[in-house]
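So the structure is just underneath, and the comments pick up after that.
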Amino acid sequence: MLAIRDLCKTYANGVHALDHVSLDIPRGMFGLLGPNGAGKSSLMRTLATLQEADSGSATLEGADGTPIDVLRDKDAVRRQLGYLPQDFGVYPKVSAEDLLEHFAVLKGLTARAQRREVVDGLLKQVNLWDARKRKLGGFSGGMRQRFGIAQALLGNPRLVIVDEPTAGLDPEERNRFLNLLADIGEQVAVILSTHIVEDVTDLCPTMAIMNRGRVLLTGRPADAIAEL
Ligand code: ADP
Ligand code: ADP
1 MLAIRDLCKT YANGVHALDH VSLDIPRGMF GLLGPNGAGK SSLMRTLATL
51 QEADSGSATL EGADGTPIDV LRDKDAVRRQ LGYLPQDFGV YPKVSAEDLL
101 EHFAVLKGLT ARAQRREVVD GLLKQVNLWD ARKRKLGGFS GGMRQRFGIA
151 QALLGNPRLV IVDEPTAGLD PEERNRFLNL LADIGEQVAV ILSTHIVEDV
201 TDLCPTMAIM NRGRVLLTGR PADAIAEL
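Numbering-wise (full-length UniProt numbering), the sequence shown opens with residue 1 and increments by one.
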């Protein structure tokens, strides 16, 4: 689904955030596990076309099977990709429904009836239907993350990237969120970046472990963690 080869990124301060990263990411849930500073967000931002890499390549399989050059063909990537950044902000005084609708317009869903259908469907999918009229400022951390997922799913992406989504959630909200991600992983490719081992062992069939800009190992969680 996504082939990453020899990706390198060194920041101006000399930190090698990505040090020859190569990964093959299949459909379904893929876990990217690593401590703070491992380079996970740098990789996520690069894949989301928000940051340039110094060298290397990343190729995403497009809808009709044609390969998309992630580092160059940014528009094509953005059409296929949903991204939930770490600590994403919301507008506290706007209702969930209104903000999602607003982002739907930005995504090009200009026909009102179609947009309503998409927005309503997503609000139901992430279990925020009953809260749709409430202002986002009053949402719990878990509700915000579920709103973020709804936003990431606008435009029907083939790949969804979620960066540290469970940080700060209580156990119940965390489980709820992870179950939602697992459902989404049935339909599209999901990359879950996290520093929490259980996030990965609980629901990712395949994973990679990163540290100091390098991929240490990849495989099934049980095998990978046994090797550590
Ligand atoms: P993670 O998401 O795994 O915590 P990051 O990609 O955020 O890792 O960071 C990887 C390394 O790069 C860390 O040492 C971090 O301090 C550094 N870093 C991240 N962003 C920048 C930046 N914009 N400028 C300089 N250094 C950065
Ligand atoms: P940065 O990493 O520089 O904070 P982001 O892309 O995370 O950049 O966010 C840029 C701005 O867009 C922020 O002010 C944030 O509040 C807003 N933003 C990002 N994602 C969302 C979202 N899902 N919903 C509403 N606002 C968002």
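Just so it is clear, CB atoms sit at the ideal spot from N, CA and C, and this is done for glycine as well. Predicted model only: the values in this text are computed from it and were never measured.
Alpha carbon to alpha carbon, what distance is there between residue j and residue i?
| i | j | result |
| --- | --- | --- |
| residue 81 | residue 45 | 12 Å |
| residue 108 | residue 118 | 12 Å |
| residue 18 | residue 214 | 6 Å |
| residue 223 | residue 40 | 21 Å |
| residue 50 | residue 156 | 19 Å |
| residue 65 | residue 138 | 42 Å |
For residue i, write down the residues that DSSP places opposite it in a beta bridge.
| i | result |
| --- | --- |
| residue 10 | 16 |
| residue 21 | 7 |
| residue 135 | 95 |
| residue 214 | 211 |
| residue 238 | Beyond the ends of the chain as shown, which are 1 and 228, falls residue 238; an answer cannot be given. |
| residue 61 | 67 |
| residue 193 | 32, 163 |
| residue 82 | 160 |
| residue 56 | None; residue 56 has no bridge partner. |
Would you call residue i buried or exposed, if buried means 16 or more other Cβ atoms sit within 10 Å of its Cβ?
| i | result |
| --- | --- |
| residue 151 | buried |
| residue 101 | buried |
| residue 199 | buried |
| residue 106 | exposed |
| residue 23 | buried |
| residue 9 | buried |
| residue 164 | buried |
| residue 145 | buried |
| residue 14 | exposed |
| residue 166 | buried |
| residue 113 | exposed |
Tell whether a beta-carbon distance below 8 Å holds between residue i and residue j.
| i | j | result |
| --- | --- | --- |
| residue 28 | residue 189 | yes |
| residue 57 | residue 47 | no |
| residue 194 | residue 33 | yes |
Take every Cβ of the region 55-75, pair it with every Cβ of the region 86-102, and state whether three or more of those distances are shorter than 8 Å.
-> no
The region 180-194 touching the region 154-172, judged by at least three CB pairs closer than 8 Å = yes
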